[in-house]
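Worksheet: one structure, shown below.
Numbering (this note's numbering), first residue to last: 6 to 254.
Here you go:
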């Protein structure tokens with residue numbers, strides 16, 4: 006764990022130099038943006054005030070552990086302890102939109118699924134072609150993802166969440182044992198393998214521009230074949246966070 010902690014500090018310090026200092030956010034209301042609103046979607050500040058009775062209009066309640074009780078909007082409480090808090094230091098989950106407007110833009114009610122950026126989420130060039138290329142992940146590199154083992158995408162370890170262009174629901178704690186905090190998984194590479202790599206397009210009101218790896222096989226297969234292994238991220242879990250989450254099950 007000493008090695009992992011040292012490595013993590015290097016990741017965080019490197020990422021921090023590229024990020025601006027953010028204003029405080031009203032996390033006690035489960036909303037992570039500042040006071041700026043999207044003029045095209047919320048014409049009056051009252052409509053996006055988390056204290057307003059109309060704030061959660063258009064959402065579907067399922068549990069108090071989610072923002073507005075809606076799993077699509079992510080956990081009510083974002084990480085507040087190192088190292089996972091570094092991923093969301095200046096993250097505004099709805100990008101200034103009201104919940105109903107964000108859902109109208111990014112949720113397909115017909116297919117009951119999120120609307121992701123096209124071309125596997127890669128940034129497009131001026132010709133509208135995805136910017137991507139083959140890269141080799143060498144032994145000793147660390148990759149991570151917010152999501153289960155059936156996924157085909159990962160990023161360089163410790164990339165800020167806003168750079169990944171993921172919906173806030175990827176932060177929802179999975180119903181697994183042992184508990185995996187905020188659905189976060191960290192993997193060191195044990196055997197080199199090739200991936201399709203490139204910058205991430207904007208999506209879900211996030212700027213993207215991080216790096217993503219489109220894997221040749223899903224995470225589960227890479228684990229089974231010995232290309233990667235999973236770090237026990239339950240060690241990153243503060244006991245208060247765990248108790249807070251479990252108490253709302």
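Cβ coordinates follow ideal geometry from the N, Cα and C atoms, glycine included.
DSSP three-state call for residue 75: helix, strand or coil?
-> Numbered from its first residue, the chain shown carries residue 75 at position 70. Reduced to three states, the DSSP call for residue 75 is coil.
Between 88, 118, 181 and 134, which lies nearest to residue 164 when the distance is taken from Cα to Cα?
-> Locating residue 164 in the chain shown gives position 159, counting from the first residue. Cα-wise, what sits closest to residue 164 is 88.
Starting from the N-terminal side, write out each stretch of the beta strand (DSSP E) that is 3 residues or longer and does not extend beyond the region 67-151.
-> 138-142 and 147-151
Whole angstroms is fine: what's the gap from residue 197's alpha carbon to residue 166's?
-> Counted from its first residue, the chain shown places residue 197 at position 192. Counted from its first residue, the chain shown places residue 166 at position 161. Their Cα atoms are separated by approximately 26 Å.
Within the chosen definition, does the region 131-139 reach the region 50-69 through at least 3 CB pairs nearer than 8 Å?
-> No, because fewer than three Cβ pairs between the region 131-139 and the region 50-69 fall closer than 8 Å, the two stretches do not touch.
From 232, 125 and 186, pick the residue whose C-alpha is nearest to that of residue 90; which is it?
-> For this step, residue 90 is matched to residue 85 along the chain shown. Ranking the options by Cα distance to residue 90, first place goes to 186.
Please name the residue or residues paired with residue 159 in a DSSP beta bridge.
-> Looking up residue 159 in the chain shown gives position 154. Under the DSSP definition of a beta bridge, residue 159 partners with 218.
Limits of the unbroken alpha helix (DSSP H) element including residue 225 | Taking the chain shown and counting its residues from 1, one reaches residue 225 at position 220. Residues 224-229.
Whole-Å CB distance - residue 205 paired with residue 126, under 8 Å assumed | As a first step, residue 205 must be located in the chain shown, where it is residue number 200. As a first step, residue 126 must be located in the chain shown, where it is residue number 121. Indeed, because the Cβ distance is near 6 Å, the residues count as touching under 8 Å.
Cβ neighbour criterion (16 or more within 10 Å) applied to residue 113 | Position 108 of the chain shown, counted from the start, is the residue given in the question as residue 113. Exposed is the call here.
What three-state label does DSSP hand residue 24 in the structure shown?
-> Translated into the one-based positions of the chain shown, residue 24 becomes position 19. Unreliable positioning characterises residue 24 in this predicted model, as indicated by a pLDDT of 39, which lies under 50. The coordinate reading is nonetheless provided below. In the structure shown, residue 24 sits in coil (DSSP, three-state: anything other than H, G, I, E or B).
Nearest residue (CA-CA) to residue 149, options 175, 128, 124 and 131 | Numbered from 1 along the chain shown, position 144 holds the residue referred to as residue 149. Closest by alpha carbon: 175.
Nearest to residue 181 by alpha carbon, out of 115, 191 and 153?
-> Walking along the chain shown from the start, residue 181 turns up at place 176. Scanning 115, 191 and 153 for the CA closest to the CA of residue 181 turns up 153.
Starting from the C-beta of residue 46, find all residues in its chain whose C-beta is less than 7 Å away, skip the five residues before and the five after it, and write them out in chain order.
-> Reading the chain shown from its first residue, position 41 is the one you call residue 46. The predicted model places residue 46 with a pLDDT of 46, which falls under 50 and marks its position as unreliable; any figure quoted below should be read in that light. Excluding sequence neighbours, residue 46 sits near 102, 103 and 106.
Supposed contact pair residue 239 and residue 200 - C-beta distance, whole angstroms, cut 8 Å | As a first step, residue 200 is located in the chain shown; it is residue number 195 there, counting from the start. As a first step, residue 239 is located in the chain shown; it is residue number 234 there, counting from the start. Their Cβ separation, rounded to whole angstroms, is 27 Å, which puts residue 200 and residue 239 out of contact at 8 Å.
Determine the burial state of residue 170: buried for a count of at least 16 other Cβ atoms within 10 Å of its Cβ, exposed for fewer.
-> Along the chain shown, one-based indexing puts residue 170 at 165. Buried is the call here.
Apart from the five residues just before and just after residue 157, which ones in its own chain have a Cβ nearer than 7 Å to its Cβ?
-> Numbered from its first residue, the chain shown carries residue 157 at position 152. Taken in chain order, the residues that qualify are 219, 220 and 223.
With 16 as the cutoff for other CB atoms within 10 Å, does residue 160 come out buried or exposed?
-> For the purposes of this step, residue 160 is identified with residue 155 of the chain shown, where counting begins at 1. Per the 10 Å Cβ criterion, buried.
According to the neighbour-count rule (16 or more other Cβ atoms, all chains shown, within 10 Å of its Cβ), is residue 202 buried or exposed?
-> As a position in the chain shown, residue 202 is number 197, starting the count at 1. That one is buried.
So is residue 233 buried or exposed if we call it buried at 16+ other beta carbons inside 10 Å?
-> Here residue 233 refers to the residue found at position 228 of the chain shown. Buried, since its Cβ has 16 or more Cβ neighbours within 10 Å.
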